[in-house]
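Working notes for the structure below.
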Amino acid sequence: MTYLSTENLGKKYGLKLLFKDLTFGISKGDKTALIAQNGVGKSTLLKILAGKEVPDSGEVMIRNGVKVAILEQEPELDDSMTINQFISHGENEMVKVVQQYEKAVAAQAENYNEKTQEAFDKALAKMDAANAWDYEQRLHQILSVLNIHDLDQSISSLSGGQRKRVALAFALLDDPDLLILDEPTNHLDVEMIEWLEAYLTKSTMTLLMVTHDRYFLDRVCNHILEIEDGQLYHHKGNYEYFLQKKAEREEVYATEIAKAGKLMKKEQEWMRRQPKARTTKSKSRIDAFYQTEKKAKSGKVKQEVKLEVDMSRIGGQVLELKNVSKSFDDLVILKDFEYSFNKGERIGIIGKNGVGKSTFLKIITGEEPIDSGEVNTGQTIVY
33 MTYLSTENLG KKYGLKLLFK DLTFGISKGD KTALIAQNGV GKSTLLKILA GKEVPDSGEV
93 MIRNGVKVAI LEQEPELDDS MTINQFISHG ENEMVKVVQQ YEKAVAAQAE NYNEKTQEAF
153 DKALAKMDAA NAWDYEQRLH QILSVLNIHD LDQSISSLSG GQRKRVALAF ALLDDPDLLI
213 LDEPTNHLDV EMIEWLEAYL TKSTMTLLMV THDRYFLDRV CNHILEIEDG QLYHHKGNYE
273 YFLQKKAERE EVYATEIAKA GKLMKKEQEW MRRQPKARTT KSKSRIDAFY QTEKKAKSGK
333 VKQEVKLEVD MSRIGGQVLE LKNVSKSFDD LVILKDFEYS FNKGERIGII GKNGVGKSTF
393 LKIITGEEPI DSGEVNTGQT IVY
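In this text, residue positions in the sequence shown follow this note's numbering: the first is 33, and each later residue adds one.
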């Protein structure tokens with residue numbers, strides 16, 4: 033059963049074309065990742081699918097009765113609300129069902145009659161249909177895992193990471209048929225990511241997501257949609273399978289480019305000595321030459337893409353921290369911390385949200401002053 037399908041979708045901003053003629057479908061139960069280079073318009077495409085933006089061309093079709101929710105990369109929340117008000121406001125269909133049931137129960141208890149009984153029966157049926165009986169339990173579980181505790185806190189006082197987690201909780205609690213996620217693991221610590229991975233894997237929700245977290249994608253998704261050079265490729269399988277098929281496709285493409293290059297050289301010679309009289313046959317050959325030339329040069333463009341890094345040689349000392357301490361009031365970030373960073377090391381910083389990972393990085397780069405200790409940076413080191 034197809035939940036969502038598109039036909040010839042196109043979008044551009046100003047003169048920049050993001051994508052065009054995108055046609056694909058998302059079926060019930062699919063857990064799909066959308067992969068493309070930066071700047072192709074992945075976030076824009078997700079918003080179009082969720083009805084948040086309008087395409088320049090084409091259309092999006094959603095099956096009747098299918099409920100869609102989206103977690104945007106930078107969600108827009110109502111700053112005038114508290115967390116509790118946002119979580120429980122009327123746009124959440126699950127909350128609406130629970131509130132209608134509670135209202136029907138109260139009305140029946142206050143004045144039992146045929147009308148209140150009928151309203152109660154309807155509310156009861158909706159609770160069953162929405163599978164909303166465990167809503168309160170799910171609410172407390174999700175909020176707890178995402179480290180959302182003070183529900184009276186104002187949305188306006190939240191950091192970017194906290195806002196993203198509140199929006200994620202809202203989307204999960206809505207329990208949609210199709211959940212669209214834009215970078216869902218951003219601002220989550222390791223424990224939260226592992227919990228979300230398990231939650232989505234076990235869930236019957238249909239998923240469409242954009243994520244740069246390869247391991248999360250590989251464990252959760254069973255379909256890959258890839259946009260490359262304006263073409264859409266569909267791969268049924270996880271990320272490892274996608275990499276295998278992509279490598280095979282690029283190998284075939286490289287062979288075609290090589291053949292086109294050889295043919296172009298041969299046809300160039302014919303173009304130089306072609307007769308002045310242009311027959312229909314020669315015109316067709318000329319058109320074919322330009323197509324071959326275009327294909328051959330497209331391969332050269334890809335080969336010319338390089339990463340250029342202007343760097344000086346790194347001296348013996350990279351970075352050394354001696355007895356570094358840093359705190360904000362009662363929150364201790366570092367206490368007598370010592371470490372020497374060696375050339376070539378690749379170090380990951382892991383910690384729960386709020387323990388000071390970003391502050392630690394700012395201390396290293398000199399953006400954040402320390403309370404005591406020394407931060408010694410090599411003379412040739414540039415951040």
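Every residue, glycine too, gets a C-beta built ideally from N, C-alpha and C.
It should be emphasised that the depicted structure is a prediction, and the values quoted were computed from it without experimental measurement.
So, using beta-carbon positions, are Lys-158 and Val-127 closer together than 8 angstroms?
The answer is no: Cβ separation not under 8 angstroms.
Between which two residues does the alpha helix (DSSP H) harbouring Ala-141 extend?
Per DSSP, Ala-141 belongs to the alpha helix (DSSP H) from 125 to 142.
Could you tell me the boundaries of the beta strand (DSSP E) in which Thr-236 lies?
Here Thr-236 belongs to no beta strand (DSSP E), and DSSP marks it neither H nor E.
Take the Cβ of Tyr-144 as the centre, count every other Cβ of all protein chains shown within 10 Å, and call the residue buried at 16 or more, exposed below.
Classification for Tyr-144: exposed.
Sequence ranges, beta strand (DSSP E) only - wholly within the region 210 to 261, length at least 3:
DSSP runs (the beta strand (DSSP E)) wholly in the region 210 to 261: 210 to 214, 238 to 242 and 255 to 260.
Collapsed DSSP secondary structure at Asn-116 in the structure displayed:
The three-state reading of DSSP puts Asn-116 in helix, counting H, G and I together.
When Ser-357, Lys-375 and Leu-175 are compared against Val-350, the one with the closest alpha-carbon
Looking from the CA of Val-350, the closest CA among Ser-357, Lys-375 and Leu-175 belongs to Lys-375.
Looking only at C-alpha atoms, which of Asp-206, Lys-74, Asp-166 and Gln-173 sits nearest to Ala-14?
Any property of residue 14 remains undetermined from this structure, which presents the chain solely from 33 to 415.
Pick helix, strand or coil for Ala-164, following the three-state DSSP scheme.
Per DSSP, reduced to three states, the secondary structure at Ala-164 is coil, with no helix or strand assignment.
Residues bridged to Ala-101 [DSSP beta-bridge criterion]
Leu-211.
Cβ-based neighbour list, Gln-335, same chain, cut-off 7 angstroms, excluding 5 preceding and 5 following:
At Gln-335 the pLDDT is 39, less than 50, meaning the model places this residue with poor confidence and gives no usable figure here.
To the nearest angstrom, how far is the alpha carbon of Leu-220 from that of Asp-362?
Here the alpha carbons of Asp-362 and Leu-220 stand approximately 24 angstroms from one another.
Assess contact between the region 168 to 184 and the region 48 to 64, defined as three or more Cβ pairs (one per stretch) separated by less than 8 angstroms. Is contact present?
Judged by Cβ distances under 8 angstroms, the region 168 to 184 makes no contact with the region 48 to 64, as fewer than three pairs qualify.
Counting only C-beta atoms, is Met-224 closer than 8 angstroms to chain C at any point?
Annotation note: the requested chain C is absent from the structure, which comprises a single protein chain.
Can you tell me the Cβ-Cβ gap for Ala-203 and Leu-210, rounded? I've got them flagged as a contact below 8 angstroms.
The beta-carbon separation of Ala-203 and Leu-210, rounded to 11 angstroms, does not stay under the 8 angstroms limit for a contact.
Continuous beta strand (DSSP E) stretch holding Gly-42: start and end
First-last of the beta strand (DSSP E) with Gly-42: 34 to 45.
Among the candidates Ala-136, Asp-250 and Ser-120, whose CA atom is the shortest distance from the CA of Leu-66?
Answer by Cα proximity: Asp-250.
Kindly indicate which residue of Glu-399, Asp-403 and Ser-372 has the alpha-carbon position closest to the one of Val-356.
Selected option, being the one with the closest Cα: Asp-403.
Where Ala-141 falls, given that 16 or more other Cβ within 10 Å makes a residue buried
Exposed, since its Cβ has fewer than 16 Cβ neighbours within 10 Å.
DSSP state of Ser-186, grouped into three classes?
Strand.
Between Ala-162 and His-266, what straight-line distance do the alpha-carbon atoms span, to the nearest angstrom?
Distance between the alpha carbons of Ala-162 and His-266: 32 angstroms.
Burial state of Lys-196 (16 or more Cβ within 10 Å):
Here Lys-196 is buried. Its C-beta has 16 or more other C-beta atoms within 10 Å.
Which of the three DSSP states, helix, strand or coil, is assigned to Lys-158?
Note: Lys-158 maps to helix in three-state DSSP.
Counting Cβ pairs closer than 8 angstroms, one from the region 388 to 401 and one from the region 178 to 190, do we hit at least three?
No contact exists between the region 388 to 401 and the region 178 to 190.
Measure the C-alpha to C-alpha separation of Gln-105 and Lys-384 and round it to an integer number of angstroms.
Taking the straight line from one Cα to the other gives about 21 angstroms.
By how many angstroms is the C-alpha of Lys-84 removed from the C-alpha of Lys-332?
Note that Lys-332 scores 45 on pLDDT, short of 50, meaning its location in the model is unreliable and no value can be drawn from it.
Can you grab the Cα-Cα spacing for the pair Phe-274 / Tyr-167, in whole Å?
If you draw a straight line from the Cα of Phe-274 to the Cα of Tyr-167, it comes to about 37 angstroms.
Tell me whether Val-86 sits in a helix, a strand or coil according to DSSP, three-state version.
Reduced to three states, the DSSP call for Val-86 is coil.
Going straight from the alpha carbon of Gly-405 to that of Val-364, what length do you get?
CA-CA distance, Gly-405 to Val-364, rounds to 15 angstroms.
Val-407 versus Lys-277 - alpha carbon distance:
In a straight line, the C-alpha of Val-407 is about 47 angstroms away from that of Lys-277.
Using DSSP bridges, identify the partner residues of Lys-358.
Answer is Leu-366, bridged to Lys-358.
Euclidean distance between Cα positions of Thr-217 and Glu-223:
Straight-line Cα distance between these residues: approximately 11 angstroms.
Distance check for Phe-360 and Glu-352, CA to CA, integer angstroms please.
Distance between the alpha carbons of Glu-352 and Phe-360 is about 23 angstroms.
Length of the line joining the Cα atoms of Pro-401 and Leu-190
Each residue's alpha carbon lies about 24 angstroms from the other.
On a CA-only basis, which of Glu-226, Glu-125, Leu-78 and Lys-43 is nearest Leu-240? Give me that one, please.
Minimum Cα distance to Leu-240 is reached at Leu-78.
Span separating the alpha-carbon of Ser-344 from that of Glu-377:
Only weak support is given to the placement of Ser-344: the predicted model assigns it a pLDDT of 42, under 50, and the value that follows is read from those uncertain coordinates. Approximately 17 angstroms, taken between the alpha carbons.
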